[in-house]
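Undergrad:
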Amino acid sequence: MWRGRGKGPELERLATLAGEASADAAVAMETAQLDGVELPPPPVTPDLTAAAFFDVDNTMMMGASIFHFARGLAARKYFTTSDLAGFAWRQVKFRIGGRETSDTVKSSREQALSFVAGKTVQEMTEVGEEIYDELMADKIWSGTRALAQLHLDAGQRVWLVTATPVELAAIISRRLGLTGALGTVAEHVDGVYTGRLVGDLLHGRAKAHAVRALAAREGLNLRRCTAYSDSSNDVPMLSVVGTAVAVNPDAGLREISRARGWEIRDFRTGRKAAKIGVPSVLGAGALAGAVAAGVAYRRR
2 MWRGRGKGPE LERLATLAGE ASADAAVAME TAQLDGVELP PPPVTPDLTA
52 AAFFDVDNTM MMGASIFHFA RGLAARKYFT TSDLAGFAWR QVKFRIGGRE
102 TSDTVKSSRE QALSFVAGKT VQEMTEVGEE IYDELMADKI WSGTRALAQL
152 HLDAGQRVWL VTATPVELAA IISRRLGLTG ALGTVAEHVD GVYTGRLVGD
202 LLHGRAKAHA VRALAAREGL NLRRCTAYSD SSNDVPMLSV VGTAVAVNPD
252 AGLREISRAR GWEIRDFRTG RKAAKIGVPS VLGAGALAGA VAAGVAYRRR
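Numbering (my numbering), first residue to last: 2 to 301.
The following block contains the structure:
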């Protein structure tokens, strides 16, 4: 069963701030990307009030995107091999257990953000583009990507929603041909990262706040929207839309999905996915190996 990170007013304030900041950043990035670009007419009639929201880690991408990013940064000597080993250990636990906790998410993201303090947004964006090609492109779940394409083909917008830094999330979204991304906003001044967050990590309740905030800015009817995730931590986000779909779910989310009648899709080897028709999706709205691979990659 999902449990929040706390019910104190300060935590709720930070979650709300993170959600609002993420929505603002997502809209700004989409606007900047389209500014001055003459677009061809859409291939289908746009459905302006419906959209889909996809978690990234273990939902759209195998494993944790921040770990793949960390491997790339280590290869470029942004931090040490021992730092990478720590990322690898958390990644292996995540891949084997299929479950993330608030503490592991917080430590992983904040550690990653500390490494970019003092670096420019432009530099990290350029590095992120390279790392995506090297380490992330082949980690995308084809089944989840196909689900996203169904929404695009129906004229709906598709957004990623992730605790990963919003700049990295935007790269993943753009490379997949999606609309945009909601992610953790790292504070930067004059284009240089400070190593601090705006609000909190985009995790748990903050994701729900971000989806609501984006819906308000974009004129979306949340009852007509769909959300996808693998984690019980994302129950708040899954609960604010009309259709919730569990993808590669952890034990907690699988149990909740069965209790609430949510659809389940499982693309992992050895698991049987529930047989769900297309209309229902769009209708209602190895430890040593991991460490050695990372170290070897850095040395290469």
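Here a beta-carbon is modelled for each residue, glycine too, at the ideal position from N, C-alpha and C.
Tell me which residues share the same chain as Asp-201 and place their Cβ nearer than 6 Å to its Cβ, disregarding the 5 neighbours each side in the sequence.
TA: Taking the sequence shown and counting its residues from 1, the one referred to as residue 201 is at position 200. These residues qualify, in order along the chain: Leu-15, Ala-16, Ala-19 and Ala-207.
Undergrad: Where do the ends of the beta strand (DSSP E) carrying Arg-197 lie?
TA: Numbered from its first residue, the sequence shown carries residue 197 at position 196. Arg-197 -> beta strand (DSSP E) spans 193–198.
Undergrad: Leu-161 by DSSP, collapsed to three states: which one?
TA: Locating residue 161 in the sequence shown gives position 160, where the first residue counts as 1. It is a strand residue.
Undergrad: What do you get for Ala-287, buried or exposed, if any count of 16 or more other CB atoms within 10 angstroms of its CB means buried?
TA: Locating residue 287 in the sequence shown gives position 286, where the first residue counts as 1. At Ala-287, the pLDDT of 30 sits below 50, so the modelled position is not reliable and the matter cannot be decided from this model.
Undergrad: Under a three-way DSSP split, which group does Pro-10 fall into?
TA: The residue you call residue 10 lines up with position 9 of the sequence shown. Helix, per DSSP.
Undergrad: Entirely within the stretch 115–186 and at least 3 residues each: give me those beta strand (DSSP E) ranges in chain order.
TA: Along the stretch 115–186, the beta strand (DSSP E) occurs as fully enclosed runs of 3 or more residues at 158–166 and 181–185, listed in sequence order.
Undergrad: Compute the Euclidean distance between the alpha carbons of Ile-172 and Ala-138, then round it to the nearest angstrom.
TA: If you number the sequence shown from 1, residue 172 lands on position 171. If you number the sequence shown from 1, residue 138 lands on position 137. Taking the straight line joining both Cα atoms gives about 11 Å.
Undergrad: Do Glu-168 and Gly-178 have their CB atoms nearer than 9 Å?
TA: If you number the sequence shown from 1, residue 168 lands on position 167. If you number the sequence shown from 1, residue 178 lands on position 177. No.
Undergrad: Taking the alpha-carbon positions, what's the Arg-197 to Ser-174 distance?
TA: As a position in the sequence shown, residue 197 is number 196, starting the count at 1. As a position in the sequence shown, residue 174 is number 173, starting the count at 1. Straight-line Cα distance between these residues: approximately 24 Å.
Undergrad: Given this structure, state the Cα-to-Cα distance separating Ala-51 from Asn-222, to the nearest angstrom.
TA: Reading the sequence shown from its first residue, position 50 is the one you call residue 51. Reading the sequence shown from its first residue, position 221 is the one you call residue 222. About 6 Å.
Undergrad: According to DSSP, is Ser-232 part of a helix, a strand, or is it coil?
TA: Your numbering for residue 232 matches position 231 in the sequence shown. The answer is coil: DSSP assigns Ser-232 none of H, G, I, E or B.
Undergrad: Ignoring anything shorter than 4 residues or poking outside the stretch 205–252, list the alpha helix (DSSP H) runs there in chain order.
TA: 206–219 and 236–240
Undergrad: Quick one: what does DSSP say Arg-72 is sitting in, helix, strand or coil?
TA: Position 71 of the sequence shown, counting from 1, holds the residue named residue 72. Three-state result, Arg-72: helix.
Undergrad: Specify, as a first and last residue, the run of the beta strand (DSSP E) that Arg-266 falls within.
TA: Reading the sequence shown from its first residue, position 265 is the one you call residue 266. Per DSSP, Arg-266 belongs to the beta strand (DSSP E) from 264–266.
Undergrad: By the three-class DSSP mapping on this structure, what secondary structure does Met-30 have?
TA: For the purposes of this step, residue 30 is identified with residue 29 of the sequence shown, where counting begins at 1. Met-30 falls in the helix class under three-state DSSP.
Undergrad: My assumption, with CB atoms under 8 Å, is that Ala-53 sits in contact with Gln-157. Please give the rounded CB distance.
TA: Against the sequence shown, residue 53 aligns to sequence position 52. Against the sequence shown, residue 157 aligns to sequence position 156. Indeed they touch by this definition, with Cβ atoms about 6 Å apart.
Undergrad: Looking only at C-alpha atoms, which of Ile-141, Asn-249 and Ala-214 sits nearest to Ser-230?
TA: As a position in the sequence shown, residue 230 is number 229, starting the count at 1. Nearest option by C-alpha distance: Asn-249.
Undergrad: Mind checking whether Thr-163 and Ala-170 have CB atoms under 9 Å apart?
TA: Here residue 163 refers to the residue found at position 162 of the sequence shown. Here residue 170 refers to the residue found at position 169 of the sequence shown. Taking 9 Å as the Cβ cut-off, Thr-163 and Ala-170 qualify as a contacting pair.
Undergrad: Between the Cα of Arg-121 and the Cα atoms of Val-212, Val-193, Met-238 and Ala-76, which residue gives the shortest distance?
TA: As a first step, residue 121 must be located in the sequence shown, where it is residue number 120. As written in the sequence, residue 121 is Thr, which differs from the Arg given in the question. The shortest C-alpha separation from Thr-121 is found at Val-193.
Undergrad: Pick from Ser-258, Ala-182 and Ile-132: whose alpha carbon is nearest that of Ser-233?
TA: For the purposes of this step, residue 233 is taken as the residue at position 232 of the sequence shown. The shortest C-alpha separation from Ser-233 is found at Ser-258.
Undergrad: Measuring CB atoms only, is the stretch 251–265 touching the stretch 64–84, in the sense that at least three cross pairs come out at less than 8 Å?
TA: no
Undergrad: Quick check on Ala-52: does DSSP put it in helix, strand or coil?
TA: By one-based count along the sequence shown, residue 52 stands at place 51. Looking at Ala-52 - three-state DSSP - the assignment turns out to be strand.
Undergrad: Apply the 10 Å Cβ neighbour rule to Arg-72 and answer buried if 16 or more other Cβ atoms are within range, or exposed otherwise.
TA: Against the sequence shown, residue 72 aligns to sequence position 71. When all chains shown are included, Arg-72 counts as buried.
Undergrad: Can you tell which of Leu-203, Glu-256 and Asn-59 has its C-alpha closest to the C-alpha of Glu-13?
TA: Along the sequence shown, read from residue 1 onward, the residue named residue 13 stands at position 12. The shortest C-alpha separation from Glu-13 is found at Leu-203.
Undergrad: Comparing C-alpha positions only, which one of Ala-260, Asp-191 and Val-159 sits nearest to Leu-215?
TA: Your numbering for residue 215 matches position 214 in the sequence shown. The residue with the shortest Cα to Cα distance from Leu-215 is Val-159.
Undergrad: Using the rule of at least 16 other Cβ atoms within 10 Å of the residue's Cβ for burial, across every protein chain shown, is Pro-166 buried or exposed?
TA: The count along the sequence shown starts at 1 and reaches residue 166 at position 165. Label assigned to Pro-166: buried.
Undergrad: From Gly-119 to Thr-195, what distance separates their C-alpha atoms?
TA: In the sequence shown, residue 119 corresponds to position 118, counting from 1. In the sequence shown, residue 195 corresponds to position 194, counting from 1. Gly-119 and Thr-195 have their C-alpha atoms spaced approximately 6 Å apart.
Undergrad: Measure the CB-CB distance between Arg-266 and Ala-247 and report whether it falls below 9 Å.
TA: Walking along the sequence shown from the start, residue 266 turns up at place 265. Walking along the sequence shown from the start, residue 247 turns up at place 246. Annotated as proximal: Arg-266 and Ala-247, with beta-carbon spacing under 9 Å.
Undergrad: Quick one: grab the DSSP three-state call for Leu-15.
TA: If you number the sequence shown from 1, residue 15 lands on position 14. Three-state result, Leu-15: helix.
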